[in-house]
Amino acid sequence: MKKRIETVAELGRIPDDIRKQHKGFLEWDTVLSRRDHQTILQIVIDGRDPMAVDSEEQPLPTLVYLAREKRPQYNHHFKAGAMNALIRVSSRISNAPIILNVDCDMYSNNMDSFPQNFDNLTTNDLYGSSFDVINKVELHGMDNNGGPLYIGTGCFHRRETL
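Here it is as structure tokens:
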């Protein structure tokens, strides 16, 4: 898995042989767009599978790729809509007490979780996604408890609190 992640990071895209193995990647090859598509759901790692173990033979948790349905005529409610979809789908798959939410643009092989920076910004950074003022001036990555600021991704949530 480490080699596959490094290959994707180096190429900047998913290689064709890996793309063909996963339903979630295959469905993006049709006439779909990121703003107009059906739900795409793929269980990447099934935590119930006894063969799903790491290099130290420890069981892996269930890992799911979810692209929720989006249609141009309906408001998708951004992060709140994504979290609602995550709660609904994960309750049917495992109903685990802990949920990890990670955005699709996160790097799984980068140990730095803060500051979150983006590679896919628009030329004008219309939505202020670079967070320059917040990251460099206002918060310095710390909350009142000395931990990193939660900015909507890369966090574990207790199901009961959501």
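Everything in the sequence shown is counted per the working numbering, starting at 1079 for the first residue and increasing by one. Cβ coordinates follow ideal geometry from the N, Cα and C atoms, glycine included.
Cα atoms of S1111 and N1202: separation of roughly 22 Å, rounded to the nearest angstrom.
Within its own chain, the residues whose Cβ lies closer than 8 Å to the Cβ of I1165, once the five positions on either side in sequence are excluded, are I1177, R1237, L1240, listed in chain order.
Cβ-Cβ distances below 7 Å link Q1136 to nothing in the same chain once the five nearest sequence neighbours on each side are left out.
Boundaries of the beta strand (DSSP E) around N1179: 1176-1179. The three-state reading of DSSP puts S1169 in helix, counting H, G and I together.
Taking the Cα of H1115 as reference, the smallest distance to any Cα among K1157, D1181, I1171, Q1151 is reached at Q1151.
Beta-carbon to beta-carbon, T1231 and N1179 are separated by about 6 Å, close enough to satisfy the 8 Å threshold. Membership of R1082 in the alpha helix (DSSP H) is indicated by the continuous run 1080-1089.
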